[in-house]
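Q: Dumping the structure here so I can ask a few things about it.
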Amino acid sequence: MTDISTLQTQSLDAVAAATTIDALEAVRIGALGKQGNISVLLKSLGQMSPEERLVQGPVINGLREAIARAIAEKKAALETEILNTRLAAERLDMTLPAPETPRGSIHPVSQVMDELAEIFADMGFAVAEGPEIEDDWRNFTALNIPETHPARAMHDTFYFPDQMAVDGKKMLLRTHTSPVQIRTMMNQQPPIRIIAPGRVYRSDSDATHTPMFHQIEGLVIDKGIHLGHLKWTLETFLKAFFERDDVAIRLRPSYFPFTEPSVEIDIGFSLVGGKRVIGGSENWMEVLGSGMVHPRVIANCGLDPDIYQGFAFGTGVDRLAMLKYGMDDLRAFFDGDLRWLKHYGFSALDVPTLSGGVGA
Ligand code: 2NL
Numbered sequence: 003m004t005d006i007s008t009l010q011t012q013s014l015d016a017v018a019a020a021t022t023i024d025a026l027e028a029v030r031i032g033a034l035g036k037q038g039n040i041s042v043l044l045k046s047l048g049q050m051s052p053e054e055r056l057v058q059g060p061v062i063n064g065l066r067e068a069i070a071r072a073i074a075e076k077k078a079a080l081e082t083e084i085l086n087t088r089l090a091a092e093r094l095d096m097t098l099p100a101p102e103t104p105r106g107s108i109h110p111v112s113q114v115m116d117e118l119a120e121i122f123a124d125m126g127f128a129v130a131e132g133p134e135i136e137d138d139w140r141n142f143t144a145l146n147i148p149e150t151h152p153a154r155a156m157h158d159t160f161y162f163p164d165q166m167a168v169d170g171k172k173m174l175l176r177t178h179t180s181p182v183q184i185r186t187m188m189n190q191q192p193p194i195r196i197i198a199p200g201r202v203y204r205s206d207s208d209a210t211h212t213p214m215f216h217q218i219e220g221l222v223i224d225k226g227i228h229l230g231h232l233k234w235t236l237e238t239f240l241k242a243f244f245e246r247d248d249v250a251i252r253l254r255p256s257y258f259p260f261t262e263p264s265v266e267i268d269i270g271f272s273l274v275g276g277k278r279v280i281g282g283s284e285n286w287m288e289v290l291g292s293g294m295v296h297p298r299v300i301a302n303c304g305l306d307p308d309i310y311q312g313f314a315f316g317t318g319v320d321r322l323a324m325l326k327y328g329m330d331d332l333r334a335f336f337d338g339d340l341r342w343l344k345h346y347g348f349s350a351l352d353v354p355t356l357s358g359g360v361g362a
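Now the structure itself:
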């Protein structure tokens with residue numbers, strides 16, 4: 003049997019000679035593994051007489067500890083060496099551009115709603131909001147819409163089958179944002195100058211109609227309000243929105259149950275390479291419905307129509323967005339296709355202002 007001090011020297015030499023973690027591990031297995039020479043030596047203690055074991059035990063255990071310590075120290079030294087080599091070899095290039103993080107964009111409908119709020123704020127209008135689930139009275143009756151009107155039919159309006167208002171009539175998804183103005187007239191004294199943008203619902207679906215779409219309505223109630231105020235307000239709005247001074251408008255007699263007289267507003271446009279360009283008076287298209295608020299609607303809200311008059315208007319936000327930014331399929335607005343949003347979306351920093359322009 004090799005004597006203990008020779009074994010110690012050989013083992014420590016082997017540890018010192020190992021230049022890789024793998025080589026060191028092989029040395030450890032050869033000495034301290036199950037069949038390792040030091041393990042075998044430790045097992046031999048069992049066969050010794052108690053007197054002999056008393057002498058050999060501390061010697062063999064001392065040897066095991068010395069080898070184990072040497073291996074641990076060598077392992078730490080090798081790991082430090084590997085790390086130092088990597089640190090010396092690898093470099094972080096601080097001049098490289100940072101990896102691109104996905105960035106969201108403002109949906110054209112949100113952008114246009116912000117633009118509308120901004121333009122009307124400059125004319126003294128506040129933004130009013132209300133619930134999308136409404137009662138029949140605020141959505142229809144208060145607006146002088148007769149019980150027999152086709153808009154009230156099941157196939158045009160989404161009714162809740164078993165949710166009724168106090169009058170026993172079914173609750174519904176608002177078909178326009180007019181109920182917001184009804185609520186405002188009932189809760190606040192004139193002068194009233196509000197716009198009511200928001201989601202509205204109609205049972206309709208094809209290339210140009212989605213069951214949910216966005217509307218904006220506006221309402222002015224005060225003493226002495228007349229059609230001239232309506233015309234100036236809407237002309238000023240359209241010039242600001244389309245960012246052109248040569249916007250021509252045309253007022254056309256129309257009919258709505260809630261206004262009298264009622265006027266449809268057409269805007270002039272020309273065709274350039276098949277695309278509609280706003281301005282001039284070559285062709286006309288309808289952009290807004292409006293009129294003087296029907297005295298019966300004013301009275302329904304608890305105001306005296308002999309004292310207060312007003313005008314109101316309404317239009318589709320999605321359609322305004324399509325006209326201004328040149329999209330042609332309404333359904334793409336609500337598909338959530340990231341490629342479409344990337345193409346038509348707006349930067350969060352593209353804050354609309356009247357003086358700076360909003361669509362540059
Ligand atoms: C259209 C026409 C319009 C109104 C909406 C309104 C609201 C109240 C009283 C009177 Cl509380 N009128 N809103 C008036 C005229 C037209 O919208 O073509 N919408 C898409």
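3 is the number of the first residue of the sequence shown in my numbering; add one for each residue after it. All C-beta atoms, glycine included, are put in the ideal place defined by N, C-alpha and C. The model shown is predicted, which means the values in this text are computed figures rather than measured ones.
Pick out the complete beta strand (DSSP E) segments inside the stretch 240-302, 3 residues or longer, and give them in chain order.
A: Listed in chain order, the complete beta strand (DSSP E) runs (minimum 3 residues) inside the stretch 240-302 are 251-258, 261-274, 277-280 and 285-295.
Q: I need the straight-line Cα distance from G347 to M214, nearest angstrom please.
A: Straight-line Cα distance between these residues: approximately 20 Å.
Q: For T317, count neighbouring Cβ atoms within 10 angstroms of its own Cβ and tell me buried if that reaches 16, exposed if not.
A: Per the 10 Å Cβ criterion, buried.
Q: In angstroms, rounded to a whole number, what distance separates the CA positions of I300 and R252?
A: Their backbone Cα atoms lie some 27 Å apart in a straight line.
Q: Beta carbon of I267, beta carbon of L290: below 8 Å?
A: Yes; because the gap between Cβ atoms is below 8 Å, this pair is in contact.
Q: In angstroms, rounded to a whole number, what distance separates the CA positions of P152 and D158?
A: Approximately 8 Å between the Cα atoms of the pair.
Q: Would you say the beta carbon of Q183 comes nearer than 7 Å to a heavy atom of the ligand 2NL?
A: Result yes, Cβ under 7 Å from the ligand 2NL.
Q: Do you know how far the Cα of A91 is from the Cα of L85?
A: If you take the alpha carbons of L85 and A91, they lie about 10 Å apart.
Q: Is it buried or exposed for M187, if we count other Cβ within 10 angstroms and need 16 for buried?
A: Its Cβ being crowded by 16 or more others within 10 Å, M187 is buried.
Q: I'd like to confirm the pairing. Which residues does DSSP put opposite V202 in its beta bridges?
A: Its beta-bridge partners are F215.
Q: Is it true that the stretch 97-116 meets the stretch 44-51, where meeting means three or more beta-carbon pairs spaced less than 8 Å apart?
A: Contact fails: fewer than three Cβ-Cβ distances are below 8 Å.
Q: Using a threshold of 8 Å, state whether the C-beta atoms of R321 and I280 are closer than that.
A: For R321 and I280, no; Cβs fall outside 8 Å.
Q: What does the alpha-carbon distance come out to for the pair E53 and T82?
A: Roughly 45 Å between the two C-alpha positions.
Q: Can you give the beta carbon distance from N141 to L174, rounded, assuming they're within the 8 Å contact cut?
A: That pair is a contact at about 6 Å.
Q: Give me the Cα-Cα distance between R201 and K171, rounded to the nearest whole angstrom.
A: Roughly 22 Å separates the two Cα atoms.
Q: Between the C-alpha atoms of S7 and L65, what's the straight-line distance to the nearest angstrom?
A: Between S7 and L65, the C-alpha separation is close to 9 Å.
Q: Between which two residues does the alpha helix (DSSP H) harbouring P163 extend?
A: Here P163 belongs to no alpha helix (DSSP H); instead the beta strand (DSSP E) covers Y161 to M166.
Q: Would you check whether the ligand 2NL has a heavy atom nearer than 7 Å to the C-beta of E363?
A: The requested residue 363 does not occur in the structure, where the chain is confined to residues 3 to 362.
Q: Is there contact here, the stretch 333-346 with the stretch 259-278, by at least three beta-carbon pairs under 8 Å?
A: Because the criterion of three Cβ pairs below 8 Å is not met, the stretch 333-346 and the stretch 259-278 do not touch.
Q: So who's on the other strand from E136, going by DSSP bridges?
A: DSSP, once it has assigned bridges, lists L174 as partnering E136.
Q: On the CB-based measure, 16 or more other CB atoms within 10 Å of its CB, does L89 come out buried or exposed?
A: Looking at its Cβ environment, which holds fewer than 16 other Cβ atoms inside 10 Å, L89 is exposed.
Q: So for I147, helix, strand or coil by DSSP?
A: In the structure shown, I147 sits in coil (DSSP, three-state: anything other than H, G, I, E or B).
Q: Could you round the C-beta distance between V295 and G275 to whole angstroms and report it? I think they count as a contact, below 8 Å.
A: Incorrect: roughly 41 Å between the Cβ atoms, too far for contact.
Q: Does the ligand 2NL have even one heavy atom less than 7 Å from the beta-carbon of S292?
A: Yes; taking the cut-off as 7 Å, the Cβ of S292 has a heavy atom of the ligand 2NL nearer than that.
Q: Determine the direct distance from the alpha carbon of V168 to that of D137, and round the result to whole angstroms.
A: About 9 Å.
Q: Between A314 and the ligand 2NL, is there a pair consisting of the residue's CB and a ligand heavy atom that are separated by less than 7 Å?
A: Yes, the ligand 2NL has a heavy atom inside 7 Å of this Cβ.
Q: Indicate whether the contact test is met: 3 or more Cβ pairs, each with one atom in the stretch 103-118 and one in the stretch 226-235, closer than 8 Å.
A: No, the stretch 103-118 does not touch the stretch 226-235.
Q: Are there any heavy atoms of the ligand 2NL lying less than 7 Å away from the beta-carbon of T212, as far as the coordinates show?
A: No - the ligand 2NL has no heavy atom lying nearer than 7 Å to the Cβ of T212.
Q: Helix, strand or coil for I108? Go by DSSP, reduced to three states.
A: The answer is strand: DSSP assigns I108 an E or B state.
Q: Tell me whether T235 counts as near the ligand 2NL, meaning its Cβ is closer than 7 Å to at least one heavy atom of that ligand.
A: No - the ligand 2NL has no heavy atom lying nearer than 7 Å to the Cβ of T235.
Q: Contact check, Q183 vs V319 under 8 Å by CB: the rounded distance?
A: About 16 Å; that fails the 8 Å criterion.
Q: Please report the residue range of the beta strand (DSSP E) in which Q311 lies.
A: Its beta strand (DSSP E) spans residues Q311 to G318.
Q: Taking just the CA atoms, how far does E131 sit from S272?
A: One C-alpha to the other measures close to 36 Å.
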